[in-house]
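All residue numbers for the sequence shown refer to our numbering, where the first residue is -13 and numbers rise by one. We put the beta carbon where it would ideally sit given N, CA and C, even for glycine. In this text, all values refer to a predicted model and were calculated from it rather than measured experimentally.
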Amino acid sequence: MKTKIILTALTAMMITHDGLNAQTAKAPKKMLVAYFSHSGNTRTVAEQIREATADIFEIEPAAAYPTNYQAVVDQAKKEVNSGFKPALKSKPENLGKYDIIFVGSPCWWYTIAPPVATFLSSCDLSGKTIAPFMTHEASRMGHSEADIKKLCAGATLLPGLPVRGGSVQEAAPEVAKWLRRIGVIE
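Structural data, given as structure tokens:
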């Protein structure tokens, strides 16, 4: 009799445990798209990702970049080469609730824009999954993935998505394909 009661209790516990594991495995991941966009190209891709998956947050430097193309190129080059991290207007509220963070940036001098470096280095992203995306005109991801990995100690870095700036308006199918490839959508 005791053996039967113990076996019944163990069986019930195993069924409950398996049911909890199934529920936990199917729990949706909370996602955030955090991006910096100077010309609007990265914003366009960020919106395409947001439509499929997540909340959105625009990374904004406290002091705006110049609107003149050559002036912003010159400033970006100086900032990237010196490792400068500009102050930001704000940070997302309750970053801790997100499991996956998409990080978007224009590719400036083969890496992320300085405001994105500030964002990544000023937030605790340990235990998070980071999915980078870059807009570019010829450099694709550059060395941004390695740079992101250095700034996000303890985070898991997924393969990034490079999108040519001139084709962002037509990038939605490419974005969806990438989201499926990295396992974010089916």
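Given this structure, state the Cα-to-Cα distance separating residue i from residue j, to the nearest angstrom.
i      : j      : result
Lys83  : Ala139 : 18 Å
Ala124 : Tyr55  : 17 Å
Gly151 : Leu81  : 28 Å
Gln34  : Pro159 : 9 Å
Arg166 : Leu111 : 23 Å
Glu44  : Val19  : 8 Å
Would you mind stating whether residue i and residue j have Cβ atoms separated by less than 8 Å?
i      : j      : result
Leu144 : Val161 : no
Val149 : Val59  : no
Met127 : Asp85  : no
Asp133 : Ile98  : yes
Ile168 : Ala38  : no
Trp94  : Ala62  : yes
Lys114 : Ile87  : yes
For residue i, count the other beta carbons within 10 Å of its own beta carbon; 16 or more makes it buried, fewer makes it exposed. Which is it?
i      : result
Tyr21  : buried
Thr53  : exposed
His24  : buried
Val102 : buried
Using alpha carbons as the reference points, say which of the options lies closest to residue i.
i      : options                           : result
Val66  : Lys114, Thr104 and Pro52          : Thr104
Tyr51  : Glu37, Ala73 and Ala38            : Ala73
Leu106 : Pro78, Trp94 and Tyr96            : Pro78
His122 : Gly90, Asp110, Arg167 and Pro101  : Gly90
Ala49  : Lys63, Asn80 and Pro100           : Pro100
Gly69  : Lys136, Gly152, Gln155 and Pro159 : Lys136
Glu46  : Asp110, Asn80, Gly26 and Lys64    : Gly26
Ser76  : Cys109, Lys63 and Arg166          : Cys109
Are the C-beta of residue i and some C-beta of chain C separated by less than 8 Å?
i     : result
Thr97 : Structure shown: chain C not included; a single protein chain is present.
Kindly provide the ranges of any alpha helix (DSSP H) runs that are 4 or more residues long and lie completely inside the segment 127 to 153, ordered along the chain. 130 to 137
Going along the chain, which unbroken runs of the beta strand (DSSP E) with 3 or more residues stay wholly within the segment 17 to 89? 17 to 21 and 41 to 44
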